[in-house]
Amino acid sequence: MNRPSFSTVVLILLVSFGAYHWWNKQHAQTLIAQNDSTQDMDSVRANNAARQGREVIHLYTATWCGYCKHLKASLDASGAPYLDHDVENSVEGKRYAEENHISGVPVTVVGHETVDGLDVDRLQSVFYHAGYDVKGLEM
1 MNRPSFSTVV LILLVSFGAY HWWNKQHAQT LIAQNDSTQD MDSVRANNAA RQGREVIHLY
61 TATWCGYCKH LKASLDASGA PYLDHDVENS VEGKRYAEEN HISGVPVTVV GHETVDGLDV
121 DRLQSVFYHA GYDVKGLEM
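With UniProt numbering applied, the sequence shown corresponds to residues 1 to 139, in that order.
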């Protein structure tokens, strides 16, 4: 019975290892591209709002936050453009959280107005004065 030589086994392992790393790199680049295109769409909507003279809505959120998900769903349903900055996973979100010592999410910034948490009355007022008719904020 012929046994494969040591160099053949090493060669097979190296090729397998290389193929795995190549696939992993391609997969990571695809995920980054998908994330960039989502962020680009948010940026396009925010830029369009700014060109129309409207304030841009900035949300500082976390993926695990139920109030954040509810707020984003209400904004999406109302067609209000916003930029979502994850305070744990995005550079802008982390920077804002550190500079402003935020201890909870969501934090909503519209122009010079900042709203902590899901303060429905305050959010509706801030959105209204910025020209956005956002419905469904109540939980």
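Think of the CB as a built atom: it goes at the ideal place given N, C-alpha and C, for glycine as much as any other residue.
Note that the structure is a prediction, hence the values are computed from the model and not measured.
{"Query": "Contiguous alpha helix (DSSP H) assignments of at least 4 residues, all confined to the UniProt domain \"Glutaredoxin\" (58-113)", "Result": "66-78, 91-100"}
{"Query": "Host alpha helix (DSSP H) of Arg122 (start-end)", "Result": "120-129"}
{"Query": "C-beta contact flag for Ile57 and Tyr82 at 9 Å", "Result": "yes"}
{"Query": "Validate contact between the region 108-122 and the region 44-52 using beta carbons, cut 8 Å, 3 pairs", "Result": "no"}
{"Query": "Where Val44 falls: helix, strand or coil (DSSP)", "Result": "helix"}
{"Query": "Spatial distance of Glu92 from His70 (CA atoms)", "Result": "21 Å"}
{"Query": "Check: Val109 C-beta below 8 Å from any heavy atom of the ligand FAD", "Result": "Because no ligand of any kind appears in the structure shown, any question about the ligand FAD cannot be addressed here."}
{"Query": "CB-CB length for Ser74 against Tyr132, believed under 8 Å", "Result": "Their Cβ separation, rounded to whole angstroms, is 10 Å, which puts Ser74 and Tyr132 out of contact at 8 Å."}
{"Query": "Cα-Cα separation between Val105 and Glu99, rounded to whole angstroms", "Result": "15 Å"}
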